[in-house]
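Taking it in order: structure first as structure tokens, then the write-up.
Protein chains: 2
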Amino acid sequence: MAKVGLKDIAAQTGFSIATVSHALRNPDRVADATRKKVLAAAEAAGYTPNNLAVSLRTARSGNIVVIIPDIADSHNSNIIKAIEKVARERGYSVLLGDSQGSEKREREFARMARTRQADGVILMSHRLPFDRKPGEPVSKLPPIVNGCEYTGHDDLPQIGIDDYQAGLDATRHLLDYGHRQIAVITGDIETHSTRERLRGFNDAMTAAGVTVNDDHVIQLGYTLEDGIAGAQQLMALPSRPSAIFCFSDEIAFGAMYALREMGIDVPGDVSIIGCDNIPLARYFSPPLTTIAQPTAEIGAACATLLLDIIDGNPPTEPRVVVPHELKIRESTRRLDASAANR
Amino acid sequence: MAKVGLKDIAAQTGFSIATVSHALRNPDRVADATRKKVLAAAEAAGYTPNNLAVSLRTARSGNIVVIIPDIADSHNSNIIKAIEKVARERGYSVLLGDSQGSEKREREFARMARTRQADGVILMSHRLPFDRKPGEPVSKLPPIVNGCEYTGHDDLPQIGIDDYQAGLDATRHLLDYGHRQIAVITGDIETHSTRERLRGFNDAMTAAGVTVNDDHVIQLGYTLEDGIAGAQQLMALPSRPSAIFCFSDEIAFGAMYALREMGIDVPGDVSIIGCDNIPLARYFSPPLTTIAQPTAEIGAACATLLLDIIDGNPPTEPRVVVPHELKIRESTRRLDASAANR
DNA sequence: TTGAAAGCGCTAACAC
DNA sequence: GTGTTAGCGCTTTCAA
């Protein structure tokens with residue numbers, strides 16, 4: 000790996016560094032013969048530009064960071080995949096920042112945007128990873144797009160489903176099926192999406208004239224383990240729910256596992272609905288009824304928006320709402336008229 | 000984001016750029032009072048170094064690329080998580096390269112090491128992502144470590160389980176349980192790991208005096224969909240297997256799904272064993288018997304090795320074998336003496 | 001059409 | 001202990 004630079008191939012061809020640079024970047028600005036000679040020499044010498052130098056000079060790194068709470072969650076990794084695709088098409092690389100929910104790490108990653116290692120950040124978390132002075136305009140911030148979550152900054156571009164409506168839809172499905180004792184296992188209650196879904200849940204229940212049992216609202220995290228814990232807690236209650244709305248598919252998987260371990264049948268005894276529609280949801284046993292989030296669309300929109308901002312084309316409308324969809328599968332069951340306690 | 004540089008804070012404090020730089024990096028080389036003044040000014044001005052410039056100057060980017068065939072596979076994402084952790088501890092960031100199996104993209108990502116955007120690469124694929132001249136020593140190559148797979152270059156540092164032994168162990172478990180009609184659904188047969196596991200399978204069968212039915216060796220990919228296709232193919236056979244060794248847990252999940260759809264019970268009618276032990280394996284229904292790979296250890300070893308190489312400490316022994324472990328759960332069943340056709 | 005020269009922001013000899 | 005200086009490898013006016 001003898002590092003060959005512009006200088007070397009300039010020496011070899013007898014042209015100046017400037018001309019070589021032009022031949023490589025602005026082919027039209029040099030004579031045909033020159034370009035050919037330069038290209039041939041560069042090829043032969045195995046020249047690759049030092050992108051660091053290019054970036055320093057052009058003040059563009061060609062990287063974007065995506066800050067994500069957990070890359071091992073397949074909902075997230077599918078979004079990343081979509082981001083990666085769009086970024087690549089537009090000549091950018093993605094720097095992965097798995098924050099594991101730590102604000103400290105989120106901030107560390109966000110710093111890359113300030114230190115010019117990245118041109119912008121896609122934030123899949125609910126808090127801004129740097130301080131924003133009151134009244135500071137978005138344009139002063141590093142290019143940033145907020146995916147799936149909401150930071151409380153209305154002027155930041157934000158992409159996601161309508162979580163309130165999703166909460167409403169999931170709950171209505173359960174209500175439709177005759178359930179009245181409905182529990183929820185929420186995700187991190189600090190997040191806007193969780194709160195919105197919960198609000199949707201409550202509103203749907205109220206609208207149906209059903210009072211929510213306080214014990215039936217379990218606030219934990221988004222993981223499978225949380226689902227296990229939540230389900231155990233719920234089943235230990237004197238008034239067991241007949242249906243559980245889980246705020247992620249992972250939670251739902253955990254709940255179904257726990258229920259199975261306890262000898263409780265899904266959906267025979269308890270119906271389960273998830274949220275996300277991760278790829279495995281339809282292949283689980285039983286196949287999981289869930290609210291589908293269009294991950295490909297979300298990822299693509301995040302990347303497109305961010306790259307547009309970087310290119311100096313901020314969106315006119317900061318908020319992009321992508322459609323969710325109720326996928327009815329086999330983990331929810333219509334209650335018999337006899338069993339329904341209306 | 001007025002970009003404040005060393006220059007600015009030098010102007011503010013009245014010191015030279017060099018002194019400011021020293022105060023920030025080599026605190027010992029400047030007077031106490033100076034350092035304090037500089038630090039305060041830097042803090043106040045919100046100074047962040049331009050890492051591009053630092054990298055250009057120091058010829059170290061602080062990034063490593065990890066080239067991975069599919070980030071949405073949780074086996075892989077768990078490895079990434081571990082890599083990320085170690086990298087971060089040692090002051091590196093990880094650039095994610097999801098190649099989706101495309102050699103072209105693998106090469107594009109590997110180029111980052113040449114263009115100095117990254118200091119090294121962790122390769123989770125089975126082919127070298129750049130050309131290596133015959134006889135070219137490893138030291139001439141960009142720092143690279145090969146995880147889980149094998150490129151055919153013996154001198155490249157390589158981390159992974161003993162795939163042959165894993166194939167042997169999985170098959171023996173099935174044999175132990177009285178199965179004789181054992182099928183396999185392999186991963187990508189181009190990969191060394193797949194071939195080794197298959198070799199282990201064949202050897203175990205031969206050693207047990209069982210001849211492998213050619214129709215029982217299905218060569219597909221590592222995905223869940225491949226598992227579905229494989230199981231369908233197998234069950235359409237006149238001589239159905241009583242057990243299937245799937246080369247990934249995803250394949251196993253697919254196979255179990257397909258079997259369930261066909262009304263075939265696992266493990267009642269057919270036993271299934273997977274490979275990887277992804278987090279969901281134990282929570283699936285039925286919980287999946289599988290060969291566990293220590294992803295945390297693999298990821299950590301990959302990162303540690305690579306970073307050591309970058310730091311100029313190449314390993315003495317290129318190959319690191321991490322232990323795998325058979326996890327017996329409920330997807331495999333001991334055949335009754337009556338049912339066993341020995 | 002080509003080249004000289006001025007930096008991008010920073011580090012690291014080396015001199016003061 | 002602090003400042004001067006010379007670049008890292010490249011792009012980009014501007015002049016020839």
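Chains as they are written, first to last, in numbering that gives the first Met the number 0: chain L, 0 to 341; chain C, 0 to 341.
Ideal Cβ positions, reconstructed from N, Cα and C, are used throughout, including at glycine.
In this text, all values refer to a predicted model and were calculated from it rather than measured experimentally.
For A291(C), the enclosing beta strand (DSSP E) begins and ends at T288 to A291.
A straight line joining the alpha-carbon of D118(L) with that of R131(L) spans about 18 Å. DSSP, reduced to helix, strand and coil, places E324(C) within a strand of the structure shown.
Closer than 8 Å to the CB of P68(C) there is not a single CB belonging to chain L. A residue is called buried when at least 16 other Cβ atoms come within 10 angstroms of its Cβ; A17(L) does not meet this threshold and is exposed. With respect to chain C, the C-beta atom of R171(L) has no partner C-beta closer than 8 Å. Secondary structure note for T331(C): it is in no beta strand (DSSP E), with a DSSP letter that is neither H nor E.
Per DSSP, the continuous beta strand (DSSP E) segment holding Q218(L) begins and ends at V216 to Q218. Residue pairing for F244(C): DSSP places it in a beta bridge opposite V183(C) and I272(C).
In this model, A71(C) and R24(L) are separated by some 36 Å (Cα to Cα). Beta-bridge analysis with DSSP links R318(L) to Q157(L). Here DSSP, grouped into helix, strand and coil, assigns N25(L) to coil. Close partners of A52(L) in chain C (Cβ separation under 7 Å): L55. Using a Cβ-Cβ cut-off of 9 Å, K80(L) is close to D69, I70, A71, D97 and Q99 of chain C, given in chain order.
V3(C): not part of any alpha helix (DSSP H); DSSP gives it neither H nor E. At a cut-off of 8 Å between C-beta atoms, N49(L) counts as an interface residue with respect to chain C. Counting along the chain, N145(L) sits inside the beta strand (DSSP E) bounded by residues I143 to G146. For D118(L), the three-state secondary structure derived from DSSP is coil.
For V93(L), the secondary structure class from DSSP, reduced to helix, strand or coil, is strand. The closest CA to that of T294(L), considering only N276(L), N201(L), G166(L) and A169(L), is found on N276(L). A direct Cα-to-Cα measurement between D248(C) and D225(L) gives close to 23 Å. Counting the other CB atoms within 10 Å of its CB gives K103(L) a total below 16, which places it among the exposed residues. Three or more pairs of CB atoms, one per stretch, sit closer than 8 Å, so the region 158 to 177 of chain C contacts the region 133 to 147 of chain C. When the beta-carbon positions are compared, L38(C) and A22(C) come within less than 8 Å of each other. Sequence-distant partners of Q180(L) (beyond 5 residues in either direction) whose C-beta falls short of 6 Å from its own C-beta, in its chain, are P240 and S241. At least one CB of chain L lies nearer than 8 Å to the CB of F252(C).
M123(L) and V65(L) do touch by the CB rule: their CB atoms are close to 7 Å apart, below 8 Å.
Contact of L223(C) with chain L by beta-carbon distance below 9 Å involves P278, L279 and Y282.
With respect to the 8 Å criterion, L258(L) and A280(L) are not classified as neighbours on the basis of their beta carbons. Using a CB distance cut-off of 8 Å, N77(L) counts as an interface residue toward chain C.
The three-state reading of DSSP puts V85(L) in helix, counting H, G and I together.
Proximity of R113(L) to chain C, defined by a Cβ-Cβ separation below 8 Å, is satisfied.
Nearest CB-CB separation between R259(L) and chain C: below the 8 Å threshold. For I66(L), the secondary structure class from DSSP, reduced to helix, strand or coil, is strand. Sequence-distant Cβ neighbours of T33(C) in its own chain, meaning closer than 7 Å and more than five residues away, are F14, T18 and A22.
For Q116(L), the nearest CB of chain C lies under 8 Å from its own CB, placing it at the interface with that chain.
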